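First comes the structure, then the notes that go with it.
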DNA sequence: TGCCGCCTTCCTACTAGCAGGTAGACAAAA
DNA sequence: TTTTGTCTACCTGCTAGTAGGAAGGCGGCA
């Protein structure tokens, strides 16, 4: 419970939760201002323009995600566990409603009207995630843990789509349990055992 | 090529394409006004408030979708064909960019900040679609066309998530072909033959 | 047939409030 | 003393929404 977070980090934190709730056009500087008790102008001091704020935010998110996934690869025993930890992370986020949606999945929906500097970063996150999933699946196949119908790249795309679609369904139907009900069987099917 | 569409239909058409592009907060009465060459006030004559406009729009969409799916059930020979026609519909929409996203999937992302009258209708569409998929899968099992790992309800949720997730990936990565690359194998796997 | 009043649709002109963003003053830290 | 962070006060343009009027269609009625 450190309250040592810098102002700009606090701004990004609030902005992130607001984007998760309503997307790029669903929040304003005034919303952030209200949430952390600082004037609008002070937010502009840290992030002159909204597009820039969100670009930095997505950068941070992508970096955090990449670091998290990387450490998962190093720490988790097997590729099967790595996959399991990954979806458990999201299950927890969704079930306690702390962050019930991926920032980049949210922004991807608005892709067509996003500033370029944001859109390109969202795309990058999707590529990173697909690459991570591909390499985990690949490793799992080599260790005889997974048996895939398709090439690892395609199977990774299918899995990523399942995860994002499951988030959407859970939100649309107001049923957090739906996430794991959809994604669970999807990864169970990959296992050989 | 009938230009006999009523003004309120034209308003809904434009609003729908704007929502598909940018969500609930991503369009304004002025945008519609510009697109169909009518004053803002005239739009308010047909739809006094934005929440009402979108509620009517989602109602129309849900009705059209329900009718389309119903006629698919009646016309398409087998449950396997019904599923194939369903995803072919979306593949076409996405590939020619005519409507590269489901309105309700788009709005589902913004669920948390949608007016109640809209949110409840979006939820209804998700339930309808899940029910349709469930019944098609069920029929397919009874005719020995499909073999499912899970109960039809769960498998339907998994399939729906795949479809929405695939739309999102196709959009995020700017690759229309990704939709069918993800959804194709997903339904192929259900088939017994 | 022509006139009447009503209803629908669209318009111009307007409002209050919020959006993102700026200018410049002030205090404290470096 | 310069830099950093915050403030008050402000600007412009856009937001949803309103008031009220003009044009036309339509049914009734003499």
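Chains as they are written, first to last, in the UniProt record's numbering: chain A, 1 to 193; chain B, 1 to 193.
Positions of the beta carbon are idealized from the N, C-alpha and C atoms, including for glycine.
Only a predicted model underlies this, so the values are computations on that prediction, with no experimental measurement involved.
**Request:** Using three-state DSSP, classify residue 47(A) as helix, strand or coil.
**Result:** Coil, per DSSP.
**Prompt:** Going by Cα to Cα distance, which pick from 100(A), 97(A), 69(A), 98(A) is closest to residue 85(A)?
**Reply:** 69(A)
**Unbroken alpha helix (DSSP H) run spanning residue 179(B), endpoints** = Counted as a single uninterrupted DSSP element, the alpha helix (DSSP H) harbouring residue 179(B) occupies residues 177-188.
**Message:** For a quick check, are the C-beta atoms of residue 21(B) and residue 112(A) less than 7 Å apart?
**Reply:** yes
**Request:** Assess, as a yes-or-no matter, whether the region 127-136 of chain A is touched by the region 184-193 of chain B under the definition of 3 or more beta carbon pairs within less than 8 Å.
**Result:** no
**Message:** Any beta carbon of chain A sitting closer than 7 Å to that of residue 182(B)?
**Reply:** yes
**Request:** Closer than 7 Å by C-beta to residue 153(B): which residues in its own chain qualify, once you throw out the five before and the five after it? Chain order, please.
**Result:** 134
**Message:** Under 7 Å, Cβ to Cβ, is there at least one residue of chain A near residue 27(B)?
**Reply:** no
**Asked** Taking C-beta to C-beta, are residue 82(A) and residue 163(A) nearer than 7 Å?
**Response** Cβ distance not < 7 Å, so residue 82(A) and residue 163(A) don't count as in contact.
**Asked** Looking only at its own chain, which residues have a Cβ that is under 8 Å from the Cβ of residue 167(B), when we skip the five neighbours before and after it?
**Response** 90, 94, 100, 101, 102, 105, 179
**Item:** chain B contact residues for residue 194(A), given Cβ-Cβ distances below 9 Å
**Value:** Residue 194(A) lies beyond the stretch modelled for chain A, which goes from 1 to 193, so this question has no answer here.
**Item:** Cross-chain neighbours of residue 169(B) in chain A, by beta carbon under 9 Å
**Value:** Neighbours of residue 169(B) across chain A, judged by C-beta separation under 9 Å: 108, 126, 130, 157, 160, 161, 164.
**Request:** Out of 71(B), 8(B), 72(B), state which residue places its alpha-carbon closest to the alpha-carbon of residue 53(B).
**Result:** 8(B)
**Prompt:** Which residues in the same chain as residue 58(A) place their Cβ atom closer than 8 Å to its Cβ, once the five residues preceding and following it in sequence are excluded?
**Reply:** 103, 104, 107, 118, 121, 122, 125
**Item:** Proximity test, Cβ basis, 7 Å: residue 22(B) and chain A
**Value:** Taking Cβ atoms only, chain A reaches closer than 7 Å to residue 22(B), which makes this a yes.
**Request:** Would you grab the beta carbon distance between residue 176(A) and residue 139(A) for me? Rounded to a whole angstrom, and I think it's under 8 Å.
**Result:** A Cβ-Cβ distance of about 30 Å is found for the pair residue 176(A) and residue 139(A), leaving them out of contact under the 8 Å criterion.
**Prompt:** Which residue or residues does DSSP assign as beta-bridge partners of residue 146(B)?
**Reply:** 191(B)
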